[in-house]
Every structure is written in structure tokens, then in C-alpha cells.
Amino acid sequence: MKGETIDTFIKEIRIKPIPKGKYYSEIPSINSIDSLNLSSPITFFMGENGSGKSTLLEGIAVSLGFNPEGGTVNFNFATKETHSNLSEYIQIVRGAKRPRDGFFLRAESFYNVATYLEDIYSREIAMGYKLDSYGGIPHERSHGQAFLGLVLNKFKPNGLYILDEPEAALSPQNQLAFMAKIYELTQSGAQFIIATHSPIITALPNSKIYNFSESIQEIDYHDSESYQITKLTLENPELILRNLLKK
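Basically my numbering = 1-based index in the sequence shown + 996.
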């Protein structure tokens, strides 16, 4: 679904020449561009595993000052240094306004973020505060409940939010709740950049979808591989399974 152009916090990224020898310089999608327009309220990165979407997303987040494992720009922890230095080659072209809030949320490292949040919670309890802004104590809830609770309670209007494969933590029903919150926030000036495989989440209006393959191309919602495979499977599971399992 074509995203409208508004005064977003990030208008564009530009990628400087990447020296040979860096593993991400060998990723075709990243090697194929020198800039990418991000002027929609919601931008989706889609593509197969290993296509470079999460690598570029992480590079953008780190360029903006977010903790590589997730959190706000003020989160200061690292369980293991696994992120690339692609951020050093990314130039952020900003809009006229500045975000009032921001968060980098990765489903794969949310456990580490949740542990850090509980440390904050312990300190705030000692001072007589509660962690309501993060949706409660993360490890006392399921992974999906804690993940969604953080989005519903922490994410605010006029914020900049970068999310890596949120559907990994969310059931289809909770993906719908997640979508409703995102849409509500974009109506109040928030901007989202999301790497995802989900044909549910990418149905959101006012969004732009980039497909990562040999290059990075903008595509329509119904043209995404995730949508087409899901649609085909749901409409005719017997045929899909017969072809898939035949010997």
C-alpha cells in the first residue's frame, strides 16, 4: 500500500561506499543502493532470510544512537557484541521535526531488553515508582504478552520506532492489536520502520513496502511473496501439501 509523504523524522538514508571485505558489502540488496526514501509514516522491509533487511534495519537504528540489542537511546547494556559496523556507512537525512520518543525493538533479543527493564523496575520500586510505562514486569508475563505490553504502554505519539520481525513474538490476534496501535500512533505523528515477513502487519495503510532481493524495490502489498504464499496456502492447502509432500 503506497505510503503518503509527510514530514517524517527520517526522510532518507544514504549509504557511503562500503569497502570490500565487509560481509554486508557482499549482500546484493545493500550493495545495490546508495540511498533509500523513508518518507512514509510506515516503511516495511520484506525479503527472504539473509536478504539484508535486518542488517540494514540494525544499521539505521545504531546510526540513530539506539542500543544495538534494543531499547531507547539511553539503554546501556550489551550481552554480546554481534552487530555490524554498517552504521558507520549510513547517513541519516532528517526532517524538520525531532521525535519526542523512540525505541528499537527486536523480537530475537527482547529477553535481554526485558532483563534490563527489570533492573530499571527494581530501582524504581526502591524509589517508590512503578514501571507502568513499560507494561509491567516483563519476565512475569509470556514473551508475546510482554512484547505487546511494551508497545501498547511505551510507544507514544510523535515517536520514532524501529522494529525487527515483531511477528515472531505475536500471535495473529495480537498482530491485529499491534497494528491498531501503530495506526493510532501514525495518526499522531509517529514514524515506524519495520522489518517483517508478516502478510498481516504489512496490510497497514499509509505504508511503503520495500522488497529485499538482488536489489531493493518498492512493491505493492499484494505482490509480496509472503502475501502470495499465504493466500495460496489458505485457499488450497490440499494442493500445496500434495505438491510439497509428493515423492
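Note that beta-carbon positions come from the ideal geometry of N, C-alpha and C, so glycine has one too.
How close, in whole Å, do the beta carbons of glycine 1048 and isoleucine 1026 come, if the pair is a contact with beta carbons under 8 Å?
-> 5 Å
Assuming isoleucine 1038 contacts arginine 1090 under a Cβ cut-off of 8 Å, what Cβ separation, rounded to an integer in Å, is found between them?
-> Not quite, the Cβ-Cβ distance comes to about 18 Å (not below 8 Å), so this is no contact.
Whole angstroms is fine: what's the gap from threonine 1198's alpha carbon to glutamine 1187's?
-> 15 Å
Beta carbon of isoleucine 1029, beta carbon of serine 1059: below 7 Å?
-> no
Could you name the residues of the same chain whose beta carbon sits closer than 8 Å to that of proline 1024, not counting the 5 residues immediately before and after it, in chain order?
-> Cβ within range, chain order: Gly1048, Ser1209, Glu1210, Ser1211.
Measure how close the beta-carbons of asparagine 1033 and proline 1095 come, nearest whole angstrom, since I'm counting them as under 8 Å.
-> Going by Cβ atoms, the distance from asparagine 1033 to proline 1095 rounds to 18 Å, so no, they are not a contact pair.
Determine the direct distance from the alpha carbon of serine 1184 to that of methionine 1175, and round the result to whole angstroms.
-> 15 Å
Alanine 1173 lies in the alpha helix (DSSP H); which residues open and close that run?
-> 1168-1182
Quickly, what does DSSP pair glutamine 1213 with across the bridge? List them, please.
-> Asn1207
Isoleucine 1056 versus lysine 1242: straight-line alpha-carbon distance, rounded = 43 Å
How long is the line joining the alpha carbons of isoleucine 1121 and glutamate 1065, rounded to whole angstroms?
-> Its pLDDT being 46, under 50, isoleucine 1121 is placed unreliably by the model, and nothing is read from it.
Taking the C-alpha atoms as reference points, what is the distance between glycine 1061 and glycine 1145?
-> Taking C-alpha positions only, glycine 1061 is separated from glycine 1145 by approximately 24 Å.
Across which residues does DSSP place alanine 1191 in a beta bridge pair?
-> In the DSSP output, where bridge partners are listed per residue, alanine 1191 has Phe1041, Asp1160.
Ordered along the chain, which non-local residues of its own chain (more than five positions away) have a Cβ less than 7 Å from that of glutamine 1171?
-> Glu1163, Ser1194, Ile1196, Ile1197
Straight-line gap, glycine 1067 to leucine 1101 (C-alpha atoms, nearest Å) = 6 Å
Compare the Cα-Cα distances from glutamate 1084 to each of Ile1009, Glu1234, Ala1191 and report the closest residue.
-> If we check each option's Cα against that of glutamate 1084, Ile1009 comes out closest.
Use the C-beta contact count for serine 1031: other C-beta atoms within 10 angstroms, 16 or more gives buried, fewer gives exposed.
-> The C-beta of serine 1031 has fewer than 16 other C-beta atoms within 10 Å across all chains shown, which makes the residue exposed.
Taking leucine 1235 as part of the alpha helix (DSSP H), name the residues at either end of that continuous run.
-> 1233-1241
Could you check how far apart the C-beta atoms of isoleucine 1189 and leucine 1053 are, in whole angstroms? I think they sit under 8 Å.
-> 7 Å
Kindly identify the DSSP beta-bridge partner or partners of phenylalanine 1099.
-> Tyr1157
By DSSP, does lysine 1227 sit in helix, in strand, or in coil?
-> helix
Looking only at its own chain, which residues have a Cβ that is under 6 Å from the Cβ of serine 1050, when we skip the five neighbours before and after it?
-> Asp1160, Ala1191
Sort out for me which residues DSSP pairs isoleucine 1023 with in a bridge.
-> Note: isoleucine 1023 sits in no beta bridge, so no partner.
Looking at the unbroken beta strand (DSSP E) that takes in serine 1080, where does it start and where does it end?
-> Premise fails: serine 1080 is in no beta strand (DSSP E) and is neither H nor E.
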